[in-house]
Every structure is written in structure tokens, then in C-alpha cells.
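Protein chains in written order, with this note's numbering: chain Y, 1 to 312; chain F, 1001 to 1532.
Structural data, given as C-alpha cells:
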């Protein structure tokens, strides 16, 4: 046994990453087209957080069996069911999204629940609005837009403009594919999906900067080597780190994906998808853009720049 | 690298102690926490509504009050319109929800109706060229001005939407509470906030309309007559404070709360009493400056929700654009008022309908399954990193534990809200924190393979990896700060958690492992590194 296992990892890799770039470009284009297509055709399955629904206050003879009720509401025809104990132990509030005629659907859910829980009393159903208001969405999009622009600016400042644009295009690619996944699978799009999406963006940006950092270093080291070869060399040097970090991240989430139950599954599987896509797009979206655009190589200072921040 | 400086060791020890101290209350039972001496932290993590439930308030938007106010404005607008057109009138007032006025000169009724049509009311939303008021000529030289039914509905709906946004802004001012705010039915708003969030405090912040105006005191009015309801036209009687039980003030507002750009609780340097300091925007500053310049020696009233909270004398023109509200404040009520003024006034008063506690949105089973699976994730990271990097993996794992303590400690201290998705995000934060160690160790490996001595390999590995780590984390921090600054509600909460994670991860992954490896190196003087 050679423990620590890191010794098992080959010291050097010689993979021609760039050779695969044209194929990857086709794959990416198809995936983006598929995502956009699904998005246009069926859109996202917006949940109760976004479109609102119906709320009914229920009362039972004894304490409300919250667990059973949670399981019963979807079976009774209420989508995205939320059940919360409400004030007294024998009272609960049931919220769900309805399709079609809201009033009739709510009545049907009520009848089905009444059949399943004899003696359950119902208050008249009321319409509830979405948890995510218009301003919340617009301020969120504005925040995301400003954040992307400032990240681009920072990468431009630390690297070059084409690096910043490559990163932002690649992150957009990741956002489109993740939304595409959510659209194709028709997983309920909730506030949680937004959290997953933001996490994907964060992880993806982290990948891009790490990728660029090695490339920049090698561009200074090998001043006359063609860009294509420098990219290949950088990616091979970086491969062990990419494999270890990627597997750590996926391993950390795998438990939650398979054992976390129906609450965590949509969130965590979106995150895992994002990790895979974010790693892929660093190599096959961000770097090809830089390769096609080319980089300035001569006016770089010979000495590596000192880190921008103070060493902690 | 090898001679780890003393301040760095002190920093690591202090950070670890801090993490333990502030995370500890979360694992102590309530009874032990209550008996802790006062200087120790007692705050626990603020779990989200999904995990622990909280308090629930149901409010109704008082659309009647909204209509009354709009009709009052319509009366004032009509008065101005007729005066500008130089048409004499009598009996201007509200009858059955409509504005009624009698024009004195029968030949001018048409002209009056035209003047009113042109300058009263606004566009009707959703109808091209539509107006939200109708002006009709009635028998006996009367003119009726009324809102159309559609406009009334639209105004009520808009008031509910605006109220939701104002409430969200107000609760956001209290910290990252992640409340659940929804419209319920036509004109009700339900608010749920997690935990033992004091419902009283919530009500103080949510229930107050916080409509602030600055109006001139009408010194010409006879107080006795005013109390009997005989007021000069354009003036109104408002309740006051301990100094003066009521005031007669001019109806026209000099400046309103919308013209404030900032408000902060503070103290009056002379009296030492709590006050609210505020700043006007450009328009507000100009208007207030002009008004005070014209009225030196007179008093103006600071009116909050139709009650005079103070009526200072204008000693000199106030042109700086900032000022101070003094009144019967406590420190808390001054801070609350500042929050309300920053977040803006409610478009209509809210009346509370119901106050309840609610249980967690998720079932106990779901929470348990999720918590176990996420704990497995955390353990998996530690096992994996130790398997991969041996002793250095142990160092990284120790740094990770300090990281978790710091994150939980800071979140407990700042009372950030931890939701289920937040915990999953936290697990990913830990994976990214490990990335920093992987970057360092892979660099060290490269350097060692290039033939450097262990000391040099460590030295170069750390300093080279640091460039990447800082670049990546500064990028993340930029996005977190922006999201916190410009986002609202749950986005802010997410950004705050992310920002804490970025800072603690860089610290622990770089500094803590450096100190640990430094110690190990001095103690064992190894010939080669365990990861070579």
C-alpha cells in the first residue's frame, strides 16, 4: 500500500486537451441549444414560492399528524405542499399550488383530505401570493448582473480582458445548462433552486480563476511556446488538483444526494451537476475563447506579480 | 515558513478559541446557557423557518384608510385646480366616497369641469388614454369627481404589493432573518419570521405606517376654536406630545419621508437624549432650506403618522440638508424609527388580525435524514483528504474543523439565519476550502519533484498557491459583497453565509495549516515530505 494515496496519482499527464476542443464545442452548442429549446418549449416548473397557491387552515380532533398530512396533500392533488403546525397542536396550515381552476382544485384537495382524515375541519381556502416577490427577483437579478460585471473587471485587472470575458461566457454557459437541466427534468423551481444556482456560479467562477492562474504563470515561464501548447501543459499540470478537488466536492454532496431525502435531492443534484459543468466549462469554454482570441505576451512583467492582498 | 512567527501562532490560537467559545452555546442545553456568566456568549445559531418554525403575524392592509387619504388628496387637488382656474366655489368635500363641489357662477361650471379633468387624477393603469377619475356635471351647479372602480382595485392591489416590499426592507434592516412574507387573499399579508424572534419587536417594526412629514405650525389659529372644530381652511388639528397636547398645522407638507436618504439613531450632544439624525436628498434639502428661510422665528411640526412628535422653532435657515428629530425617544425607539424611515413608509396603515406560532416547514424525519446525510458529507471530506494526503491531510482536516467552528461561531454571533439549503451550501464551502489545501499541497509536490529540499518546497508551494487562492477567493468575496449589498431577503442571507465562508476558509486553509506544518517540521526535521 502506498499511503497517502496521492503517491498513486501519476506525476505527469500528457493529455492533448486542446485537440478535443472542437468536439467539446459541438457538445456544448448542442447542450445549450437543448437547454434553450426546453426552456422555450416548456419553461421552468415554477413552484409555489414563485406563483403562489392556496392555503387552508385545518383542525383535527387530536394533535395534527403533520408527517402523514405532508405525505397526503400531494396525493390529494396539491402540488409543492407545505404543512406547518399553526398556533395550537390541533391546528395546521396547509399550503399548496393548484393547476387549472384554483377554487375547484382546492375543493378537491379538501374533499380528499376529509376522506383520509375523518373529523378534520377546514376553514375556507384563501389565495396566497408568492414568497418571491417581483422586487426580490429584480433586485436579485440586478445584484447578479453587477456581481458578474465586477468579477469580470477584477479578472481583467488581474489577468487580461479576454480572460474576464472567457470566464463570464463560461459562467453563462453553466447557468444556461443548469436552468436547462431544471427545465428538462421539470424539477420544482423554488427559492432553493436559486440558492443552488448561486452556488453553481460561485464554484464555477472559482474554477475559472484557478485555471487562469496556472495559464498566466506558464505564459510567463514559456514565453515562446505556442499558446495551444501552454494551455495543454497548464491543464496537465493542474489535472491532479482538478481531480482531487472535484471528487472532494462531489463526495461531500453524494451523501446528501442519495440519503438526504426528497427535500435535499433537487438542491444537491443541481449542485453536483453544476460542479461537473463548471469544471468542464473552465477547460472547454473559457480556455478555447482565450485560445481563439489570443493573448498579449510580451508586455507582461518578467517577475510574477505579488498577490494583490496582504498575506494573512 | 518554518520559523512560524509568534503573532501568527497567537492569531491561530485566538481564532480557534473564538470559534469554540461562540459555537459552544449551540451544544449546551438551555439551562446551562442561562446560568453562564454574563461575559460569555449565549447566542445560538438562528435556524430558518424550514428547520425550526417561528412566529406568524397576519395583517390587513387598511384599504379604507387608503381611500380616505386618497379622497383627501383629491379634495386638495381639486381645490388647487379650481383656484388656479380662478373659479369660485363652495361646499368642497367628500360625500359618499366622491368629491363634491358647487360652482358659484353657473356660467363657469363647464370651465370648472374642464379644469378638473385636465389636472386632477392620473393615468389609469392598463387602459391606454384612460383616466383614473371621472368628472361629471350634476344638477344645481354641482360637479362630482370620483375614482373609477377599476382604479380603486388597482390602487388597493398596488398598496398591498408595496406594503410587502416595505415590510421586507424593514425586516432586512434587522439582519438576515429570512422571513416568509406573502399576500394572502385580496388585502392581507402574512409574515412568518424564524425562531423566538420577538413578536413584539416584529410588530413594532412591521405595524407602524411611518409616514413622516414636516409641516408648518399654524400660529394664527385660535386654539379654543380649533378644538371645537373651527379650523382655518388648509389647516388641521393633530394630537401632540407632553408639552402641548395638540397642534394646529398647515395641511401642506414642506417635506415628506420619501425625501430622506438616510436616518440613524443617535444622541443629542447637548442633552444626551436619544434622537434620530437624518439627511435629505437634493429635492428635500432645497425645499426644506427654502421653507426654513421664509419662516425664521416660526415653528414647524415633525409629524409621524398624524401625530406631532416635536415642533422646534426655526432659529435660522436650515440649508445643510440634514437634521435631527428629537422627541420622547428611548434608544430603542429612536433606532426603530430610523429603521422605519430608511425602509420607507407603508402606503396604507396595517391592522393586525392574527398572531400565532408556526412549526417548522419541514418534517422532523426530513430534517433528521438531511442532517445525517450532510454530516456524512462533512466526514467524507475529512476521510478523503486524510486518505489522499496522509499527515498533511490530517493538518488540512484540523484546519477544516477550525473553519467549521469559525463559521458557526460567526453565524451565531451575527445571528445569521441558517436554512437547510444554507447547510448544503456550507458543505460545498468546506469542499472549496479543501481546494485551497489541495492547491498548496499539489504545488509543494511539484516543487519537491523539481528537486527542491522540503523546506524550499514548502516555502515555494505556499507562496505560489497563495496567488491562486487569493485571486479565486477575492473573486468570490466580490460577488458575495455585491449580493449582500443589492440583493434582498434570502439572497442577502445566502451572500452573508458565503462571505463568512470565504474569509474563514482562506484563513484556516492557509494560516492554520502553515502553523501546524511549521510545528511538525521543527519537531521532526524530516528529510522528505509525506506527500512526495
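Here a beta-carbon is modelled for each residue, glycine too, at the ideal position from N, C-alpha and C.
Check                                                                                                                            : Outcome
Where residue 86 (chain Y) meets chain F, residues with beta-carbon distance less than 9 Å                                       : 1056, 1356, 1357, 1358 and 1359
Partners in chain F for residue 192 (chain Y), counting only beta-carbon separations shorter than 7 Å                            : 1421
Where residue 1393 (chain F) falls: helix, strand or coil (DSSP)                                                                 : helix
DSSP-derived helix/strand/coil call for residue 1216 (chain F)                                                                   : strand
Range of the contiguous beta strand (DSSP E) that encloses residue 90 (chain Y)                                                  : 88-97
Backbone CA spacing between residue 190 (chain Y) and residue 50 (chain Y) [nearest angstrom]                                    : 7 Å
Assigned exposure category for residue 103 (chain Y) - 16 Cβ within 10 Å defines buried                                          : exposed
3 or more residues per run - each beta strand (DSSP E) lying fully within the stretch 1069-1117 of chain F                       : 1089-1095 and 1098-1103
Beta-carbon separation (whole angstroms), residue 1318 (chain F) vs residue 1295 (chain F), contact threshold 8 Å                : That belief does not hold up - the Cβ atoms of residue 1318 (chain F) and residue 1295 (chain F) are roughly 11 Å apart, past 8 Å.
Span separating the alpha-carbon of residue 1246 (chain F) from that of residue 1310 (chain F)                                   : 11 Å
Those residues which DSSP pairs with residue 1452 (chain F) across a bridge                                                      : Answer by DSSP bridge pairing: none, since residue 1452 (chain F) is not bridged.
Beta-carbon neighbours of residue 1185 (chain F), restricted to chain Y and to distances below 7 Å                               : 126 and 127
Segment limits, alpha helix (DSSP H) that includes residue 1307 (chain F)                                                        : Taken as a continuous stretch (DSSP letters only), residue 1307 (chain F) belongs to no alpha helix (DSSP H), being part of the beta strand (DSSP E) at 1307-1310.
Interface residues of chain Y facing residue 1365 (chain F) [CB-CB closer than 7 Å]                                              : 67
Within chain F, the residues that residue 209 (chain Y) reaches when beta carbons sit closer than 8 Å                            : 1468, 1471, 1472 and 1475
Residue 1096 (chain F) versus F:1120, F:1146 and F:1082, residue with shortest Cα-Cα distance                                    : F:1146
Identity of the residues DSSP links to residue 1247 (chain F) by a beta bridge                                                   : F:1238
7 Å Cβ cut-off: residues of chain F touching residue 263 (chain Y)                                                               : 1362, 1366, 1370 and 1420
Coarse secondary structure for residue 56 (chain Y), derived from DSSP in three states                                           : strand
Helix, strand or coil at residue 1126 (chain F) according to DSSP, with G and I counted as helix                                 : coil
Bridge partner(s) assigned by DSSP for residue 1168 (chain F)                                                                    : Note: residue 1168 (chain F) sits in no beta bridge, so no partner.
Proximity winner among F:1277, F:1398, F:1460 and F:1461, relative to residue 1434 (chain F) (alpha-carbon distances)            : F:1398
Other residues of its chain near residue 307 (chain Y): CB distance less than 6 Å, five sequence neighbours each side excluded   : Below a pLDDT of 50, predicted positions are generally treated as unreliable, and residue 307 (chain Y), at 46, falls in that range; the measurement from the model is reported next regardless. Within the same chain, residue 307 (chain Y) has no close Cβ partners at all.
Stretch-stretch touch, CB-based, cutoff 8 Å, three pairs: the stretch 1027-1036 of chain F with the stretch 1421-1439 of chain F : no
Residue-chain proximity (residue 1411 (chain F), chain Y), Cβ-Cβ < 8 Å                                                           : no
DSSP three-state assignment for residue 1274 (chain F), whether helix, strand or coil                                            : strand
For residue 106 (chain Y) and residue 59 (chain Y), the rounded distance between their alpha carbons                             : 16 Å
Residue 1145 (chain F): first and last residue of the uninterrupted beta strand (DSSP E) it sits in                              : 1142-1147
Residue 211 (chain Y) classed as buried or exposed, judged by whether at least 16 other C-beta atoms fall within 10 angstroms    : buried
C-beta atoms of residue 1255 (chain F) and residue 1287 (chain F) nearer than 8 Å                                                : yes
Candidates F:1326, F:1230 and F:1440: closest to residue 1270 (chain F) by CA position                                           : F:1326
For residue 192 (chain Y), the three-state DSSP class (helix, strand or coil)                                                    : helix
Extent of the continuous alpha helix (DSSP H) run through residue 1266 (chain F)                                                 : No alpha helix (DSSP H) holds residue 1266 (chain F); the beta strand (DSSP E) holding it covers 1260-1267.
Check whether residue 1056 (chain F) and residue 1192 (chain F) have beta carbons under 8 Å apart                                : yes
Whole runs of the alpha helix (DSSP H) within the stretch 1402-1475 of chain F, excluding any shorter than 4 residues            : 1420-1449
The alpha helix (DSSP H) enclosing residue 1006 (chain F), as first and last residue numbers                                     : 1006-1023
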